[in-house]
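S.K.: To start, I am sharing the structure in question, which I have written as structure tokens.
Protein chains: 2
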Amino acid sequence: MAGNTIKIGLVGLGTVGMGVLRTLRKNAAVVRARCGTNVEVARVADRDAARLRACGLPPAKCSGSFQAILDDPSIEIVVEVIGGTGAAKELVTKALKAGKHVVTANKALLASEWQGILSLAHRKKVAVGYEASVMAGVPVIRSIEAGLAGNRIQSLFGILNGTTNFILTRMAQGLEFDQALQEARKRGLCEADASLDIDGYDAAQKLAILGTLSLGRRVPAASIYREGIGQIERFDIEEARSQFDYVLRPLAVLKRGAQVEARVHPTFIPTHHPLAAIENEFNALLINTDTAGPITLSGKGAGEKPAASGVISDIVEVARAIRKGDGAGTLVPAAPAAGNARIAPIEEVQSKFYLRFSVVDRPKVLAFISGALGRHGVSIATCHQLGRSERGAVPLIMVTHLTREGAIRRALSGIDASHRIVKRKTVAVRIEE
Amino acid sequence: MAGNTIKIGLVGLGTVGMGVLRTLRKNAAVVRARCGTNVEVARVADRDAARLRACGLPPAKCSGSFQAILDDPSIEIVVEVIGGTGAAKELVTKALKAGKHVVTANKALLASEWQGILSLAHRKKVAVGYEASVMAGVPVIRSIEAGLAGNRIQSLFGILNGTTNFILTRMAQGLEFDQALQEARKRGLCEADASLDIDGYDAAQKLAILGTLSLGRRVPAASIYREGIGQIERFDIEEARSQFDYVLRPLAVLKRGAQVEARVHPTFIPTHHPLAAIENEFNALLINTDTAGPITLSGKGAGEKPAASGVISDIVEVARAIRKGDGAGTLVPAAPAAGNARIAPIEEVQSKFYLRFSVVDRPKVLAFISGALGRHGVSIATCHQLGRSERGAVPLIMVTHLTREGAIRRALSGIDASHRIVKRKTVAVRIEE
Chain A
1 MAGNTIKIGL VGLGTVGMGV LRTLRKNAAV VRARCGTNVE VARVADRDAA
51 RLRACGLPPA KCSGSFQAIL DDPSIEIVVE VIGGTGAAKE LVTKALKAGK
101 HVVTANKALL ASEWQGILSL AHRKKVAVGY EASVMAGVPV IRSIEAGLAG
151 NRIQSLFGIL NGTTNFILTR MAQGLEFDQA LQEARKRGLC EADASLDIDG
201 YDAAQKLAIL GTLSLGRRVP AASIYREGIG QIERFDIEEA RSQFDYVLRP
251 LAVLKRGAQV EARVHPTFIP THHPLAAIEN EFNALLINTD TAGPITLSGK
301 GAGEKPAASG VISDIVEVAR AIRKGDGAGT LVPAAPAAGN ARIAPIEEVQ
351 SKFYLRFSVV DRPKVLAFIS GALGRHGVSI ATCHQLGRSE RGAVPLIMVT
401 HLTREGAIRR ALSGIDASHR IVKRKTVAVR IEE
Chain B
434 MAGNTIKIGL VGLGTVGMGV LRTLRKNAAV VRARCGTNVE VARVADRDAA
484 RLRACGLPPA KCSGSFQAIL DDPSIEIVVE VIGGTGAAKE LVTKALKAGK
534 HVVTANKALL ASEWQGILSL AHRKKVAVGY EASVMAGVPV IRSIEAGLAG
584 NRIQSLFGIL NGTTNFILTR MAQGLEFDQA LQEARKRGLC EADASLDIDG
634 YDAAQKLAIL GTLSLGRRVP AASIYREGIG QIERFDIEEA RSQFDYVLRP
684 LAVLKRGAQV EARVHPTFIP THHPLAAIEN EFNALLINTD TAGPITLSGK
734 GAGEKPAASG VISDIVEVAR AIRKGDGAGT LVPAAPAAGN ARIAPIEEVQ
784 SKFYLRFSVV DRPKVLAFIS GALGRHGVSI ATCHQLGRSE RGAVPLIMVT
834 HLTREGAIRR ALSGIDASHR IVKRKTVAVR IEE
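So the sequence lines, in the order shown, correspond to chains A and B. For the first sequence, the numbering used here gives the first residue as 1, with consecutive numbering after it. For the second sequence, the numbering used here gives the first residue as 434, with consecutive numbering after it.
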């Protein structure tokens with residue numbers, strides 16, 4: 001049996017690592033059937049001795065350093081679930097150099113070290129699996145790489161961060177931002193540093209990976225325009241729903257074109273949009289393709305078990321390929337394209353906008369606002385003025401036609417400077433239909 | 434360049450075949466980038482000389498019989514898009530025996546010849562790709578086989594037939610069945626024999642394939658309970674929506690258990706159900722898993738381009754594996770499990786039911802109906818009597834609790850026999866929540 005067993009080394013016994021261990025135990029029969037062989041966790045490593053004691057493997061298989069895994073020639077697959085870009089980068093690099101296949105769930109590492117990791121795997125003729133790095137157990141990486149291989153991908157619309165989708169869902173149900181955030185924390189939906197979720201860093205890293213795969217050119221996370229959900233007020237969610245039938249979702253958007261659009265921001269979408277049904281901590285990705293049409297995948301994008309599912313799908317694929325006798329050569333990635341995609345500056349991106357002005361309740365205000373927008377070429381589709389006054393100001397809500405972001409910004413900066421008419425900073429939220 | 438090109442033979446120049454030809458031409462660069470090599474349609478075959486003339490390939494590459502493709506040793510992949518189980522079966526069997534990889538979009542063939550085809554491919558050590566056989570370009574086969582490889586699949590809920598989903602969508606918008614069917618025909622959404630769609634044969638074949646993959650044991654199409662949508666009346670769609678917030682979808686259902694449930698029938702689902710948002714000719718599959726949680730995939734499940742996308746994804750996968758030098762050995766299927774899944778007889782399946790009785794408007798009728806249901810152990814969750822009378826009968830609508838189908842059938846057969854009280858056959862529609 002030993003010769004028929006594929007050995008893996010698992011580094012990191014946090015939530016995801018423990019999920020992988022538990023699921024491999026529980027579903028050993030399923031995994032064996034799919035791989036045609038046994039998969040054995042031959043060694044685990046974690047700096048935390050308490051975790052090692054708790055993991056259920058005999059002490060001889062546990063170590064505080066991943067070096068023991070790198071040094072073990074019987075281990076063919078290294079699973080990196082440490083996270084971050086420090087020790088994880090060292091481990092992945094050393095494992096690839098040692099000729100071992102790597103499976104990782106690490107979006108931060110891939111978003112920043114894509115070129116280095118993929119090139120190294122290509123040179124060393126080993127596989128790198130990273131299905132769990134985006135949307136955990138929902139097979140979006142495979143779908144783009146294999147399932148849609150004959151397609152030119154035209155655009156991606158993703159709800160890639162469950163925390164912010166949960167918060168916006170709860171706000172639509174009546175909670176204030178702070179209450180919703182607190183509830184997300186209680187449910188364990190937030191990263192240790194909540195700003196990684198709230199400010200869109202997490203979603204931008206995932207979009208960088210999906211965009212790079214879809215375009216075949218690198219989309220660096222740093223080139224992606226980011227806007228968080230921290231400024232969103234419940235009032236606008238309610239108005240947009242009741243007046244215009246829009247719901248607010250934390251969207252990651254990528255559009256192919258002469259220049260590529262790549263951006264992460266809260267976005268109003270119509271209630272009949274395929275992503276409008278995605279609520280709470282669920283994630284989804286809408287892939288618009290030239291041949292297969294629009295394809296949507298959705299599911300849980302985080303959590304111990306969903307992440308374990310994604311990691312194990314990679315382990316199975318590599319183990320199956322090793323078992324079939326070619327050393328998993330079919331899974332070796334192509335050399336990554338060297339160039340970056342040309343990303344459009346946000347000022348050149350065109351969107352429709354939801355605008356809420358807080359204006360004094362006086363004649364000629366509407367003429368002033370619409371005149372100022374018109375001078376910058378911003379055309380108004382609908383306008384809606386509310387009677388109720390808040391500290392001497394009334395809300396004036398407009399939805400624009402498609403407009404260049406630079407024009408909106410210049411128009412709003414002029415309007416917001418008219419303190420006798422406009423009482424607070426204008427709220428502007430992009431719309432995708 | 435020639436040595437670096439993988440040659441395919443394409444048999445069948447109908448809608449799908451022409452879609453494959455056109456897309457391979459149009460997206461040649463994308464395909465080359467994904468495969469690491471050129472893919473060339475070296476020969477095509479079709480019985481229809483007019484199609485051969487119209488396909489754009491030089492006459493030397495065209496033939497009326499597929500034998501020319503089988504005889505050409507330079508062709509490594511045979512693409513079967515003839516459809517049906519006659520010539521298609523002969524072609525696939527001969528191609529596999531000749532040691533060629535096969536890509537097929539043929540659900541009927543796979544549903545009936547699964548064991549033979551997969552065993553033969555296993556013995557001959559060649560690949561069989563069939564992504565397009567279910568939901569065309571939506572990568573459901575890959576997702577179950579690879580993306581969810583570490584999961585035990587607990588249940589499947591699919592909208593696998595676009596024609597019936599289109600008809601039910603249009604009926605919910607006010608059309609009668611016949612009008613909706615006519616519109617579906619006009620839009621080219623029907624198979625030549627519309628009963629294949631309407632009566633659930635098409636969906637049952639697709640569920641047979643998905644079920645076999647998910648359970649690792651065969652689910653023969655003939656063992657799947659089928660009920661068509663031909664009996665559905667607009668009245669019930671409207672009542673269930675307004676009274677109970679249900680929408681009607683043509684569902685294919687598979688549930689794991691001591692016995693497996695496998696059935697295709699129109700089903701009421703709540704408006705917040707993930708499949709309620711799937712309208713018109715769109716298809717979707719909800720996969721409930723033990724580890725990744727619920728995963729939904731949706732998109733266009735038919736049509737020239739979506740089907741071509743599915744076929745090409747298989748071509749790319751096989752070409753890529755050939756190119757990497759192992760002769761696509763990693764893609765050779767495992768020997769299929771010999772046994773059939775144990776399918777529960779429909780009488781033993783438990784569901785909630787929507788019931789519409791057409792009863793005389795007299796006292797004690799409610800007591801009679803509820804008494805008769807109660808004697809068979811059918812418990813009522815809600816009841817709703819409408820005032821309006823239709824040819825002397827009023828509709829009495831009930832939703833039951835979970836109940837064994839055999840019990841409902843016995844109860845209804847007794848009730849419907851009471852001609853002095855019940856004026857026409859009772860409408861019964863299953864509910865899934």
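Note that the Cβ used here is the ideal one computed from N, Cα and C, for glycine as well. Quick caveat, the model's predicted, so the values are computed rather than measured.
Does any residue of chain B have a CB that is nearer than 9 angstroms to the CB of Asp-290 of chain A?
M.R.: It does; some Cβ of chain B falls within 9 angstroms.
S.K.: In the DSSP assignment, find the beta strand (DSSP E) that holds Ala-840 of chain B and state where it starts and stops.
M.R.: That residue, Ala-840 of chain B, is in no beta strand (DSSP E); its alpha helix (DSSP H) goes 838 to 849.
S.K.: Considering only residues of the stretch 311 to 380 of chain A, which uninterrupted alpha helix (DSSP H) runs meet the minimum length of 4 residues and lie entirely inside it, listed in chain order?
M.R.: The qualifying runs are 365 to 375.
S.K.: Using DSSP bridges, identify the partner residues of Ile-159 of chain A.
M.R.: For Ile-159 of chain A, which the question treats as bridged, DSSP gives the partners A:Ala-284.
S.K.: Can you check DSSP and say which residues form a bridge with Glu-473 of chain B?
M.R.: Partner(s): B:Lys-440.
S.K.: Within this structure, are the beta carbons of Ser-65 of chain A and Leu-52 of chain A separated by less than 9 angstroms?
M.R.: No. Outside cutoff.
S.K.: Assuming His-101 of chain A is part of the beta strand (DSSP E), what are its boundary residues?
M.R.: That run of the beta strand (DSSP E) goes 101 to 104.
S.K.: Should Glu-513 of chain B go down as buried or exposed, given a rule of 16 or more other Cβ atoms within 10 Å for buried?
M.R.: Counting Cβ neighbours within 10 Å, Glu-513 of chain B comes out buried, since at least 16 surround it.
S.K.: From the DSSP output, in three-state form, read off Cys-55 of chain A for me.
M.R.: In the structure shown, Cys-55 of chain A sits in coil (DSSP, three-state: anything other than H, G, I, E or B).
S.K.: Report the residues of the stretch 123 to 142 of chain A with a CB closer than 8 angstroms to any CB of chain B, ordered along the chain.
M.R.: Those would be Glu-131, Ala-136, Gly-137, Val-138, Pro-139 and Arg-142, in chain order.
S.K.: By a C-beta neighbour count over all protein chains shown, 10 Å radius and 16 as the cutoff for buried, is Lys-619 of chain B buried or exposed?
M.R.: By the neighbour-count rule (16 or more Cβ atoms within 10 Å), Lys-619 of chain B is not buried but exposed.
S.K.: Would you verify that the beta carbon of Lys-324 of chain A is, or is not, closer than 9 angstroms to some beta carbon of chain B?
M.R.: Yes, contact with chain B.
S.K.: Leaving out five residues before and five after Ala-335 of chain A in sequence, what residues of the same chain have Cβ atoms less than 7 angstroms from its Cβ?
M.R.: Correct list, in chain order: Ser-119 and His-122.
S.K.: Could you tell me whether any Cβ in chain B is nearer than 9 angstroms to the Cβ of Leu-168 of chain A?
M.R.: It does not; no Cβ of chain B falls within 9 angstroms.
S.K.: What residues in its chain sit with their C-beta under 7 angstroms from that of Arg-107 of chain A, if we drop five residues either side in the sequence?
M.R.: One point to set straight first is that residue 107 of chain A is Lys, not Arg, in the sequence displayed. Counting only Cβ-Cβ distances below 7 angstroms, and skipping sequence neighbours, we find Ser-133, Val-134, Gln-205, Lys-206 and Ile-209.
S.K.: Tell me, to the nearest whole angstrom, how far the beta carbon of Leu-457 of chain B is from that of Val-477 of chain B; I am working on the premise that it is less than 8 angstroms.
M.R.: So it is not a contact: roughly 11 angstroms between Cβ atoms.
S.K.: Under 7 angstroms, CB to CB, which of the residues in the stretch 293 to 319 of chain A have a partner in chain B?
M.R.: Cβ contacts with chain B come from Gly-293, Pro-294, Ile-295, Thr-296, Leu-297, Ser-298, Gly-299, Lys-300, Lys-305, Pro-306, Ala-308, Ser-309, Ile-312, Ser-313, Val-316 and Glu-317.
S.K.: Can you list, in chain order, the residues of its chain with a C-beta nearer than 8 angstroms to that of Tyr-679 of chain B? Leave out the 5 residues immediately preceding and following it.
M.R.: Ala-673, Phe-701, Ile-702, Pro-703, Thr-704, Tyr-787 and Ile-864.
S.K.: Just mark Glu-131 of chain A as buried or exposed, buried being the case when its beta carbon has 16 or more other beta carbons within 10 Å.
M.R.: With 16 or more Cβ atoms within 10 Å of its Cβ, Glu-131 of chain A is classed as buried.
S.K.: Name, going along the chain, the residues of the stretch 26 to 47 of chain A whose beta-carbon falls closer than 7 angstroms to a beta-carbon of chain B.
M.R.: So the close ones are Asn-27, Val-30, Val-31, Ala-33, Arg-34 and Gly-36.
S.K.: Could you tell me which residues DSSP puts in a beta bridge with Arg-651 of chain B?
M.R.: DSSP output for Arg-651 of chain B lists B:Asn-773 as bridge partner(s).
S.K.: I want to verify the contact list: residues of chain A whose CB lies under 7 angstroms from the CB of Gly-649 of chain B, in sequence order.
M.R.: Those are Ala-33, listed as they occur along chain A.
S.K.: Between which two residues does the beta strand (DSSP E) holding Ala-625 of chain B run?
M.R.: Run containing Ala-625 of chain B: none; DSSP gives neither H nor E here.
S.K.: Which of helix, strand or coil does DSSP assign to Tyr-225 of chain A?
M.R.: If DSSP states are grouped into helix, strand and coil, Tyr-225 of chain A belongs with the strands.
S.K.: With 16 as the cutoff for other CB atoms within 10 Å, does Val-20 of chain A come out buried or exposed?
M.R.: It is buried - the Cβ of Val-20 of chain A has at least 16 other Cβ atoms within 10 Å.
S.K.: Less than 9 angstroms between CB atoms is the rule here; does Val-79 of chain A satisfy it with respect to chain B?
M.R.: So no, Val-79 of chain A is outside the interface.
S.K.: Name, in chain order, the residues that DSSP records as bridge partners for Cys-416 of chain B.
M.R.: As shown, chain B starts at 434 and ends at 866. That puts residue 416 of chain B outside it, with no answer to give.
S.K.: Check the Cβ-Cβ distances between Thr-23 of chain A and every residue of chain B, and say whether any is below 9 angstroms.
M.R.: So yes, Thr-23 of chain A belongs to the interface.
S.K.: I need the DSSP call for Val-463 of chain B, collapsed to helix, strand or coil.
M.R.: Three-state result, Val-463 of chain B: helix.
S.K.: Below 8 angstroms on the Cβ atoms is my contact criterion, and I expect Ala-439 of chain A with Val-427 of chain A to pass it. Report the Cβ-Cβ distance as a whole number of Å.
M.R.: The structure shown has nothing for residue 439 of chain A, since chain A only spans 1 to 433.
S.K.: Out of A:Ala-172, A:Asp-197 and A:Ile-167, point me to the one whose CA is closest to Asp-178 of chain A's CA.
M.R.: Checking every option, the nearest Cα to that of Asp-178 of chain A belongs to A:Ile-167.
S.K.: Would you check if there are 3 or more beta carbon pairs closer than 8 angstroms linking the stretch 742 to 760 of chain B to the stretch 591 to 608 of chain B?
M.R.: Too few Cβ pairs lie closer than 8 angstroms, so no.
S.K.: Using alpha carbons as the reference points, say which of A:Ala-307, A:Arg-234, A:Ile-278 and A:Thr-291 lies closest to Thr-729 of chain B.
M.R.: Taking only the C-alpha atoms, the option nearest Thr-729 of chain B is A:Ile-278.
S.K.: Are the C-beta atoms of Arg-152 of chain A and some chain B residue less than 9 angstroms apart?
M.R.: True, the Cβ-Cβ gap to chain B drops below 9 angstroms.
S.K.: What would DSSP say about Glu-131 of chain A, mapped onto helix, strand or coil?
M.R.: The answer is helix: DSSP assigns Glu-131 of chain A an H, G or I state.
S.K.: Under 8 angstroms, with one C-beta from each stretch per pair, do the stretch 33 to 42 of chain A and the stretch 584 to 600 of chain B reach the 3-pair mark?
M.R.: With a cut-off of 8 angstroms, the stretch 584 to 600 of chain B and the stretch 33 to 42 of chain A do not count as touching, because too few Cβ pairs lie within range.
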